[in-house]
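Below: the structure, in structure tokens.
Protein chains: 2
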Amino acid sequence: MQPTVNELVVEQFTRSLGNLKNILKKAQTHAQDRKFDENLFLQTKLAADMFPLIKQVQIACDTAKLTCSRLSGTSAPSFPDDEKTMTELYARIDKTVDYIKTFATNDFKGYENQKISFFWNPGKHMMGHDYVISYALPNFYFHLTTAYAILRSNGVHIGKGDYLGEMQWKS
Amino acid sequence: MQPTVNELVVEQFTRSLGNLKNILKKAQTHAQDRKFDENLFLQTKLAADMFPLIKQVQIACDTAKLTCSRLSGTSAPSFPDDEKTMTELYARIDKTVDYIKTFATNDFKGYENQKISFFWNPGKHMMGHDYVISYALPNFYFHLTTAYAILRSNGVHIGKGDYLGEMQWKS
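Heads up: the sequence lines are chains Z and E, in that order.
Mapping of the first sequence onto the numbering used here: residues 1 to 171, in sequence order.
Mapping of the second sequence onto the numbering used here: residues 1001 to 1171, in sequence order.
In structure tokens form, the structure reads like this:
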């Protein structure tokens, strides 16, 4: 048996976006404990010319959303990047998860032959299979881990367990 | 058509470990240009209580190696964590890639029912499918991105394109 694309992208993104939300909540608690505005974290960066936390979260959400729409050959709803608070970022994550959960295995039938194009590379496309392996999954985790790294290097008490989330242990 | 586990893990890990090696080489060039020992990067961290670069690379390699052995129900060779130089880290990446490339689609038959256990959680196991989705892929990219972030925040001139590597564009 091979994994379905649905399991692969919807299951991974849903899990990991939930973990991201928990990590952001720990950052909020950290800020409240130290009596500073948690929204200061939104503009925090790892390097001057990298994206700040808010953008890392927005791109992680958009990668999840667009992976599902592109592989199913459908159009994704537009989620404008207008969040200004941690609470609004939670809502962005929630609506992304609600959207990607609408997909079922059959929606991705023929995903490997979808031609995926990007506005920044006109006239070119990637095939669906290459897109999943070479772009969608690594890009999603890049932004998730960078969001984690921004908060972790700013003293928020989080660890790998928060990033990975609950494991399905059996005995 | 669904992606094979072989495509999913071997293809992703091979690509991404190659990208990691290129990123390390850019760090080496950066150090040489500025006339400092490139091996100073090996102990660089994002936070005092996080693992340094060398350990991020070793864990990324081990995650790739152990994912293949665990999902195929075989034993992996031991690669001791005794690297001391950037050049030795390249060799660690190379032998990991050589090893994971020995796997073919058939080796992962029944992967979803493999019981995956960890020495740090005795008496418990995870099923192969859950292991891929919830542990192997996110853990691999966590260490890859953290290695990138350590170098990026230390001024090495790398960007997302180096992390993602060459894309399979078609026209």
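Just so you know, even glycine gets a beta-carbon here, dropped at the ideal spot from N, CA and C.
Please read these numbers as outputs of a predicted model, since none were measured by experiment.
So, for residue 104(Z): in the same chain, excluding its five sequence neighbours on each side, which residues have a beta-carbon less than 8 Å away from its beta-carbon?
Translated into positions along the first sequence, residue 104(Z) becomes position 104. For residue 104(Z), where only same-chain residues beyond five positions count, the Cβ hits under 8 Å are 6.
Check distances from the C-beta atoms of the segment 71-90 of chain Z to those of chain E and list, in chain order, the residues that come in under 8 Å.
Listed in sequence order: no entries.
So with Cβ pairs under 9 Å, would you call residue 1164(E) a contact of chain Z?
Residue 1164(E) sits at position 164 when you count from the first residue of the second sequence. At a cut-off of 9 Å, the C-beta of residue 1164(E) has a neighbouring C-beta in chain Z.
Name the residue from 45(Z), 63(Z), 68(Z) and 29(Z) whose alpha carbon lies nearest to the alpha carbon of residue 158(Z).
One-based indexing of the first sequence puts residue 158(Z) at position 158. Closest by C-alpha distance to residue 158(Z), out of 45(Z), 63(Z), 68(Z) and 29(Z), is 29(Z).
Among 1031(E), 1009(E), 1111(E) and 1016(E), which has the Cα closest to the Cα of residue 1165(E)?
Position 165 of the second sequence holds residue 1165(E). Ranking 1031(E), 1009(E), 1111(E) and 1016(E) by Cα distance to residue 1165(E) puts 1016(E) first.
Could you work out which residues of chain E lie near residue 146(Z), taking near to mean beta carbons separated by less than 8 Å?
In the first sequence, counting from the first residue as 1, residue 146(Z) sits at position 146. Simply 1145 and 1149.
Counting pairs of beta carbons, one from the segment 1099-1119 of chain E and one from the segment 1063-1073 of chain E, are three or more of them closer than 8 Å?
In short, these stretches touch, since the Cβ pair count reaches three.
Residue 132(Z): contacting residues in chain E (beta-carbon distance under 8 Å)
Within the first sequence, residue 132(Z) is the residue found at index 132, counting from 1. At a beta-carbon threshold of 8 Å, the residues of chain E lying near residue 132(Z) are 1003, ordered along the chain.
Can you find the residues in the same chain that come closer than 7 Å, C-beta to C-beta, to residue 33(Z), ignoring five residues on each side of it along the sequence?
Sequence index remark: in the first sequence, residue 33(Z) carries index 33 (1-based). So no residue of the chain qualifies.
Count the other C-beta atoms from every protein chain shown that fall within 10 angstroms of the C-beta of residue 65(Z), then say buried if there are 16 or more, exposed otherwise.
Here residue 65(Z) refers to the residue found at position 65 of the first sequence. Residue 65(Z) comes out buried.
With DSSP as the reference, identify every bridge partner of residue 1126(E), one or two as the case may be.
Residue numbering aside, residue 1126(E) sits at position 126 when the second sequence is read from its first letter. Under DSSP, the beta-bridge partners assigned to residue 1126(E) are 1116(E).
Closest residue to residue 1024(E) among 1107(E), 1092(E), 1133(E) and 1078(E) (Cα-Cα distance)
By one-based count along the second sequence, residue 1024(E) stands at place 24. The candidate whose alpha carbon is nearest that of residue 1024(E) is 1092(E).
From this set, 76(Z), 138(Z) and 167(Z), which residue's C-alpha is nearest residue 1118(E)'s C-alpha?
Here residue 1118(E) refers to the residue found at position 118 when the second sequence is read from its first residue. Here the closest residue by C-alpha is 167(Z).
Whole-angstrom C-beta distance between residue 1129(E) and residue 1056(E), which should lie under 8 Å
Along the second sequence, read from residue 1 onward, the residue named residue 1056(E) stands at position 56. Along the second sequence, read from residue 1 onward, the residue named residue 1129(E) stands at position 129. In fact, because the Cβ distance is near 26 Å, the residues do not count as touching under 8 Å.
Using a Cβ-Cβ distance cut-off of 9 Å, determine whether residue 1018(E) contacts chain Z.
For this step, residue 1018(E) is matched to residue 18 along the second sequence. Not closer than 9 Å to any Cβ of chain Z, the Cβ of residue 1018(E) fails to qualify, so no.
What does residue 1142(E) reach in chain Z if we use C-beta pairs closer than 9 Å?
As a position in the second sequence, residue 1142(E) is number 142, starting the count at 1. Here the neighbours are 141, 144, 145, 148, 160, 163 and 164.
So which residues on chain E does residue 47(Z) lean against when the C-beta distance must stay under 7 Å?
The residue given as residue 47(Z) occupies position 47 in the first sequence. When 7 Å is used as the limit between beta carbons, residue 47(Z) is near these residues of chain E: 1152 and 1153, in chain order.
With 16 other Cβ atoms within 10 Å as the buried cut-off, status of residue 1139(E):
The residue you call residue 1139(E) lines up with position 139 of the second sequence. Classification for residue 1139(E): buried.
Using a Cβ-Cβ cutoff of less than 6 Å, which residues in the same chain neighbour residue 83(Z) once the five nearest sequence positions on both sides are dropped?
As a working mapping, residue 83(Z) is identified with position 83 in the first sequence. Closer than 6 Å at the Cβ level, and outside the excluded window around residue 83(Z), lie 89 and 92.
Would you mind working out which of 163(Z), 170(Z), 141(Z) and 161(Z) sits nearest residue 61(Z), comparing C-alpha positions?
By one-based count along the first sequence, residue 61(Z) stands at place 61. Closest by C-alpha distance to residue 61(Z), out of 163(Z), 170(Z), 141(Z) and 161(Z), is 141(Z).
Alpha carbons only, please: which of 1063(E), 1120(E) and 1079(E) is nearest the one belonging to residue 1009(E)?
Here residue 1009(E) is taken as the residue at index 9 of the second sequence, counted from 1. Taking each of 1063(E), 1120(E) and 1079(E) in turn and checking the Cα distance to residue 1009(E), the smallest one comes out for 1063(E).
Buried or exposed: residue 1149(E), going by 16 or more other Cβ atoms within 10 Å of its Cβ?
Here the question's residue 1149(E) lines up with position 149 in the second sequence. That one is buried.
What is the DSSP secondary structure of residue 1025(E), counted as helix, strand or coil?
Here residue 1025(E) refers to the residue found at position 25 of the second sequence. Looking at residue 1025(E) - three-state DSSP - the assignment turns out to be helix.
If contacts are defined as beta-carbon pairs under 8 Å, then residue 31(Z) and residue 41(Z) qualify, I think. What distance do you get, rounded to the angstrom?
In the first sequence, the residue the question calls residue 31(Z) occupies position 31. In the first sequence, the residue the question calls residue 41(Z) occupies position 41. Contact between residue 31(Z) and residue 41(Z) is confirmed by a C-beta separation of about 7 Å, below the 8 Å threshold.
What first and last residue would you give for the alpha helix (DSSP H) that runs through residue 173(Z)?
In the structure as shown, chain Z begins at 1 and stops at 171. Residue 173(Z) is therefore absent and cannot be evaluated.
Judging by CA-CA distance, which residue of 1076(E), 1086(E), 1045(E) and 1051(E) is the nearest neighbour of residue 1022(E)?
In the second sequence, residue 1022(E) corresponds to position 22, counting from 1. Cα-wise, what sits closest to residue 1022(E) is 1086(E).
Beta-carbon gap between residue 1012(E) and residue 1073(E) smaller than 9 Å:
Residue 1012(E) sits at position 12 when you count from the first residue of the second sequence. Residue 1073(E) sits at position 73 when you count from the first residue of the second sequence. Contact flag unset, no.
Interface residues of chain Z facing residue 1138(E) [CB-CB closer than 9 Å]
Taking the second sequence and counting its residues from 1, one reaches residue 1138(E) at position 138. Correct list: 12, 15, 16, 19, 141, 144, 145, 163, 164 and 165.
Contact set for residue 1014(E): own chain, Cβ-Cβ below 7 Å, skip 5 residues either direction:
Residue mapping note: residue 1014(E) aligns to position 14 of the second sequence, counting from 1. Hits under 7 Å: 1097, 1100 and 1101.
Using C-beta distances below 8 Å, list every residue in its chain close to residue 1045(E), excluding the 5 sequence neighbours before and after it, in chain order.
Indexing the second sequence from 1 puts residue 1045(E) at position 45. If we look at residue 1045(E) and ignore the five residues flanking it on each side, its Cβ neighbours are 1051, 1052, 1053 and 1150.
Closest residue to residue 1163(E) among 1004(E), 1107(E), 1018(E) and 1035(E) (Cα-Cα distance)
For the purposes of this step, residue 1163(E) is taken as residue 163 along the second sequence, with counting starting at 1. Just measuring C-alpha positions, the residue of 1004(E), 1107(E), 1018(E) and 1035(E) sitting nearest residue 1163(E) is 1018(E).
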